[in-house]
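Numbering (the numbering used here), first residue to last: 1171 to 1475.
From the three backbone atoms N, C-alpha and C, an ideal C-beta is built for every residue, glycine too.
What follows is a short report on a single structure.
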Amino acid sequence: MKHLQSYKIFENQDSDDVVTKGHKWSKSHIEEVLLYLTDIGFNWETWSEYFVDEKGVKCELADAEKSLVQLNLVKPINSSNLIKRSGTTMQSGYRTSVTHYFTKWGSGDLEMQEAIASFCQRFENCYYHLSLEEKGWVLNFEIQSDVEEEVRTKQKQDNIIHKVEVDISDRISRIYRGLFDSFNRTTYSKVRVNKLGENMWSPQGSIEKGCLLVPVNTTSSLPKTVRMTIMPEVNDRCRIFNNFLRGSGKAEVVTITEEVIDDLVKSAGTYHNKEYYAERYLGLTGIIMKFDYSKLFDAIKKETE
């Protein structure tokens, strides 16, 4: 069959092709192989890729037995070459109407069959379905590939890591929000702004590098009655942070000095320099947390197992 010859493009695969994790074939590679069909008038309409488990049910990569790629193509046909026949059939005890379309055999039909065969031969497990409908020839492919046990195991490990990372971040955010949510509206609006009047929405620093700073505005510009309500809450949040750290480090209440800022920039490797932090937080009260992220990660992971 003439279509079984190779296109030159297949012999120079792009090393930058991106293959979706767990799948075997890149979309660009399949697009290239589809030249067999697009060159004879087929239009590529839909594409989907997913995983199925041993029962053939859609699933995530961690539980996958096979990866599937499904394609839908249509080759328009002149309506004058179609014959439409309608009838009825029995399905599950009910009479259902059905429509069939017929056309004459032509030289292009053999070329189409050869192109389908050439496409399928490019993949180890490729199935196809060809039907004639009102809009023309409708061609569907399903390309199957086995998912290796090593890939599933790696994905399960990655899922655990991601879950723990998200859990750590969420817990820190909840403790942080709890500090400011404990104040009434008037106090909240005063303690959650920095020296430039900007709102402080999150801790400064890096969780992964084990250094976080929670600034709180307790400057003398605030009324004494307000400042008296702040520190008990700050001390209580510091205690909660210490409990959360599971012995991996320590949280303490400090006045934000140049030394604290130097330590933050050095330890956290933040995107901002010393001057950025100084003009916003120098002199404010803060909760500084320094911890071993690996130890904290292992402790939280153990709790989730």
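What is the DSSP secondary structure of residue i, counted as helix, strand or coil?
| i | result |
| --- | --- |
| tyrosine 1441 | coil |
| serine 1129 | Given a span of 1171 to 1475 for the chain in the structure shown, any question on residue 1129 remains unanswerable. |
| glycine 1367 | coil |
| serine 1185 | For serine 1185, the predicted model reports a pLDDT of 43, less than 50, meaning its position is unreliable; a value from the coordinates is still stated below. Here serine 1185 sits in coil by DSSP. |
| asparagine 1329 | helix |
| threonine 1356 | helix |
| phenylalanine 1467 | helix |
| serine 1339 | helix |
| serine 1288 | helix |
| phenylalanine 1293 | coil |
| leucine 1454 | coil |
| threonine 1190 | coil |
| glutamate 1449 | helix |
| arginine 1347 | helix |
| arginine 1362 | coil |
| glutamate 1475 | coil |
From residue i to residue j, what distance separates their C-alpha atoms?
| i | j | result |
| --- | --- | --- |
| arginine 1362 | leucine 1454 | 11 Å |
| tryptophan 1125 | lysine 1194 | Shown here, the chain extends from 1171 to 1475; a query on residue 1125 therefore has no answer. |
| glutamate 1318 | glutamate 1235 | 8 Å |
| serine 1249 | leucine 1231 | 44 Å |
| serine 1267 | aspartate 1233 | 40 Å |
| aspartate 1432 | methionine 1398 | 29 Å |
| tyrosine 1446 | glycine 1367 | 14 Å |
| arginine 1450 | asparagine 1364 | 5 Å |
| valine 1188 | isoleucine 1331 | 24 Å |
| isoleucine 1345 | valine 1336 | 14 Å |
| threonine 1389 | threonine 1395 | 12 Å |
| isoleucine 1426 | glutamate 1403 | 18 Å |
| serine 1185 | glutamate 1312 | In this prediction, serine 1185 has a pLDDT of 43, which is less than 50 and means its spatial position is unreliable; what the coordinates show is noted afterwards. For serine 1185 and glutamate 1312, the distance between alpha carbons rounds to 24 Å. |
| tyrosine 1298 | phenylalanine 1289 | 10 Å |
| phenylalanine 1411 | leucine 1382 | 11 Å |
| asparagine 1387 | asparagine 1369 | 11 Å |
| glutamate 1281 | lysine 1326 | 46 Å |
| lysine 1472 | arginine 1292 | 46 Å |
| glutamate 1219 | isoleucine 1400 | 54 Å |
| alanine 1448 | valine 1423 | 18 Å |
| phenylalanine 1180 | glycine 1192 | Here phenylalanine 1180 scores only 41 on pLDDT, less than 50, and its place in the model is too uncertain to base an answer on. |
| arginine 1355 | proline 1385 | 18 Å |
| tyrosine 1463 | valine 1334 | 12 Å |
| serine 1491 | asparagine 1295 | Residue 1491 cannot be examined here, being either before or after the span of the chain that is shown, 1171 to 1475. |
Would you list the residues sitting across from residue i in a DSSP beta bridge?
| i | result |
| --- | --- |
| glutamate 1316 | Residue identity check: residue 1316 is aspartate in the sequence provided, not glutamate. Looking at the DSSP assignment, aspartate 1316 forms a beta bridge with Lys1236. |
| methionine 1459 | Leu1382 and Ala1421 |
| valine 1166 | With the chain running from 1171 to 1475 in the structure shown, residue 1166 is simply not present. |
| glutamate 1480 | Outside the displayed span of the chain (1171 to 1475) sits residue 1480, for which this structure offers no information. |
| phenylalanine 1311 | Leu1241 and Tyr1298 |
| threonine 1163 | Outside the shown range of the chain (1171 to 1475) lies residue 1163, about which nothing can therefore be said. |
Within the present structure, is the beta-carbon of residue i separated from the nearest heavy atom of the ligand SAH by less than 6 Å?
| i | result |
| --- | --- |
| asparagine 1295 | Annotation note on the ligand SAH: not contained in the displayed structure, which lists no ligands. |
- request: Entirely within the stretch 1197-1267 and at least 3 residues each: give me those beta strand (DSSP E) ranges in chain order.
  value: Those beta strand (DSSP E) runs which fall completely within the stretch 1197-1267 and span 3+ residues are 1213-1222, 1236-1245 and 1253-1261.
- prompt: Are the stretch 1429-1440 and the stretch 1371-1389 in contact at 8 Å, needing three or more beta carbon pairs?
  reply: At 8 Å Cβ cutoff, the stretches touch.
message: Does the contact criterion of 3 or more C-beta pairs under 8 Å hold for the stretch 1219-1235 versus the stretch 1261-1275?
response: Here the stretch 1219-1235 makes no contact with the stretch 1261-1275; the two share fewer than three CB pairs at distances below 8 Å.
query: Are there three or more Cβ pairs, one per stretch, closer than 8 Å when the stretch 1338-1346 is compared with the stretch 1302-1322?
result: Not touching, per the Cβ criterion.
- prompt: In chain order, which continuous runs of the alpha helix (DSSP H) of length 4 or greater are located wholly inside the stretch 1375-1431?
  reply: Complete alpha helix (DSSP H) runs here, min 4: 1394-1414.
- prompt: Counting pairs of Cβ atoms below 8 Å between the stretch 1413-1423 and the stretch 1459-1471, do you hit three or more?
  reply: They touch, by the three-pair rule.
- prompt: Counting Cβ pairs closer than 8 Å, one from the stretch 1400-1409 and one from the stretch 1344-1353, do we hit at least three?
  reply: Yes, since at least three Cβ pairs between the stretch 1400-1409 and the stretch 1344-1353 fall closer than 8 Å, the two stretches touch.
message: Using 8 Å as the cut-off, can you tell me whether the stretch 1205-1212 makes contact with the stretch 1249-1268, which would need three or more C-beta pairs spanning the two stretches below that distance?
response: Because the criterion of three Cβ pairs below 8 Å is not met, the stretch 1205-1212 and the stretch 1249-1268 do not touch.
message: When you compare the stretch 1236-1246 with the stretch 1306-1316, are there three or more beta-carbon pairs, one atom per stretch, that lie closer than 8 Å?
response: Result yes; three or more Cβ-Cβ pairs closer than 8 Å.
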